[in-house]
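Chemist: Could you have a look at this structure, given as structure tokens, before my questions?
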Amino acid sequence: MSEMVAFRQGTSMPSRETILHYVVETVNQITELEPALHLLPWSGVNSAIYEQRFAQCYDEGLCAAQTSAPNVPQGILPSTDWAQGIGLLCFAAGYMSAGERPLTHNQLCDFVKQAAVGLSPIEGEAASGFSTVRSIALPVFRRLQRDGHASRILLLQTLLHLIAWKSASQYARQQAQRLLWMGGILGEGGESGLLALDKVLREEAVGEKSLPALLIFTSFLAHFPAGPVFID
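Following the working numbering, the numbering of the sequence shown begins with -12 at its first residue and continues without gaps.
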């Protein structure tokens, strides 16, 4: 219990504006990522429109906290997977901020998993509490972040890990694991190896539609401390 008290006292509460800045920064990093990859089908979005929607999600979370009912209004969530997930995380941030609960990535994800129950058509990564992001992507991303690497390196190396363990293509998994064994993006010729793999998979028409959303969730959640897995 004393450890939990210390954790709460040592955790600052990011403001609504700060959280929305995290969203815009994350989306811009994905949009500006070079090289452009077939494995990462992403053409960018109108950040201003989405920022308004996510601000509404945060505000709805604040309102829901007044009634202690974490029910997400169906109409506020965007239709795309990445935007649904970020919208739910913003709702969770608003709800938890109203109660002055520490915003950690574990607690935000667990809250979304609970709030998404019964919501249609919420499924996949958000409904699982971002299990793939927490188990595979975030540990890699945070380790590289601590080592001081640029956001481009963080994203590409994390992308390789996601392909290595979550791709529907056995060939893609094997080749990504081979690249990682040699150091991945950080290894000699690592980026060239990723580009070569991307070219082969493009020719074989292997798509990975979920990867942009997984990277967006990862980069956004990395702004928050991990925190304990369970809170009493």
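No residue lacks a Cβ here, since even glycine has one placed at the ideal position from N, Cα and C. For clarity, every value in this text was computed on a predicted model and none was experimentally measured.
When you compare only the Cα positions, how much space is there between Arg130 and Glu21?
Modeler: Position 143 of the sequence shown, counted from the first residue, corresponds to residue 130. Position 34 of the sequence shown, counted from the first residue, corresponds to residue 21. Distance between the alpha carbons of Arg130 and Glu21 is about 21 Å.
Chemist: Could you please give the first and the last residue of the uninterrupted alpha helix (DSSP H) stretch that includes Phe78?
Modeler: For this step, residue 78 is matched to residue 91 along the sequence shown. Here the alpha helix (DSSP H) through Phe78 covers Asp68 to Ala85.
Chemist: Please go through the region 123 to 162 and give each complete beta strand (DSSP E) segment of 3 or more residues, from N-terminal end onward.
Modeler: If only uninterrupted beta strand (DSSP E) runs of at least 3 residues are considered, none is enclosed by the region 123 to 162.
Chemist: Which residues in the same chain have their Cβ closer than 6 Å to the Cβ of Phe128, if we skip the five residues on either side of it in sequence?
Modeler: For the purposes of this step, residue 128 is taken as residue 141 along the sequence shown, with counting starting at 1. So the qualifying residues of the chain are Leu141, Thr145, Thr205 and Ala209.
Chemist: In this structure, how does DSSP classify Ile218 when only helix, strand and coil are distinguished?
Modeler: Taking the sequence shown and counting its residues from 1, the one referred to as residue 218 is at position 231. Confidence is the limiting factor: at Ile218 the pLDDT is only 44, short of 50, which leaves the residue's position unreliable, though a coordinate-based value still follows. If DSSP states are grouped into helix, strand and coil, Ile218 belongs with coil.
Chemist: Whole angstroms is fine: what's the gap from Ala35's alpha carbon to Cys44's?
Modeler: Residue 35 sits at position 48 when you count from the first residue of the sequence shown. Residue 44 sits at position 57 when you count from the first residue of the sequence shown. The straight-line gap from Cα to Cα measures roughly 14 Å.
Chemist: Could you check where the alpha helix (DSSP H) with Ser34 kicks off and where it finishes?
Modeler: Within the sequence shown, the letter at position 47 stands for residue 34. Per DSSP, Ser34 belongs to the alpha helix (DSSP H) from Ser34 to Gln53.
Chemist: Verify whether the separation of the beta carbon atoms of Leu181 and Glu112 is less than 8 Å.
Modeler: Looking up residue 181 in the sequence shown gives position 194. Looking up residue 112 in the sequence shown gives position 125. For Leu181 and Glu112, no; Cβs fall outside 8 Å.
Chemist: Buried or exposed, going by whether 16 or more other CB atoms sit within 10 Å of the CB of Ala102?
Modeler: Taking the first residue of the sequence shown as 1, we reach residue 102 at position 115. Buried is the call here.
Chemist: Taking DSSP as the reference, what is the three-state secondary structure of Ser30?
Modeler: In the sequence shown, residue 30 corresponds to position 43, counting from 1. If DSSP states are grouped into helix, strand and coil, Ser30 belongs with coil.
Chemist: If you follow the alpha helix (DSSP H) that Leu198 is part of, which residue opens it and which one closes it?
Modeler: To locate residue 198, count along the sequence shown from 1; it is residue 211. Segment Leu198 to Leu208, the alpha helix (DSSP H) holding Leu198.
Chemist: Are the CB atoms of Pro57 and Tyr82 nearer to each other than 8 Å?
Modeler: Taking the sequence shown and counting its residues from 1, one reaches residue 57 at position 70. Taking the sequence shown and counting its residues from 1, one reaches residue 82 at position 95. Contact flag set, yes.
Chemist: At a Cβ threshold of 8 Å, is Tyr37 touching chain B?
Modeler: No chain B is present in this structure, which holds just one protein chain.
Chemist: Using the Cβ count rule (16 or more neighbours within 10 Å means buried), how would you classify Thr18?
Modeler: Counting from 1 along the sequence shown, the entry for residue 18 is found at position 31. Per the 10 Å Cβ criterion, exposed.
Chemist: Gly180 by DSSP, collapsed to three states: which one?
Modeler: Residue 180 sits at position 193 when you count from the first residue of the sequence shown. The answer is helix: DSSP assigns Gly180 an H, G or I state.
Chemist: Using DSSP with H/G/I as helix, E/B as strand and the rest coil, what is Leu90?
Modeler: Counting from 1 along the sequence shown, the entry for residue 90 is found at position 103. If DSSP states are grouped into helix, strand and coil, Leu90 belongs with coil.
Chemist: State the Cα-Cα distance for the pair Arg121 and Ile203, rounded to the nearest angstrom.
Modeler: Reading the sequence shown from its first residue, position 134 is the one you call residue 121. Reading the sequence shown from its first residue, position 216 is the one you call residue 203. Each residue's Cα considered, the two are about 13 Å apart.
Chemist: Per DSSP, what kind of secondary structure is Pro22 in: helix, strand or coil?
Modeler: Numbered from 1 along the sequence shown, position 35 holds the residue referred to as residue 22. Pro22 falls in the coil class under three-state DSSP.
Chemist: On the CB-based measure, 16 or more other CB atoms within 10 Å of its CB, does Trp168 come out buried or exposed?
Modeler: Working through the sequence shown from its first residue, we reach residue 168 at position 181. Trp168 is exposed by the Cβ-count criterion.
Chemist: Apart from the five residues just before and just after Glu178, which ones in its own chain have a Cβ nearer than 8 Å to its Cβ?
Modeler: On the sequence shown, residue 178 is found 191 positions in, with the first residue counted as 1. In chain order, Pro22, Leu143 and Ile172 place their CB closer than 8 Å to the CB of Glu178, counting only its own chain and leaving out the 5 sequence neighbours on each side.
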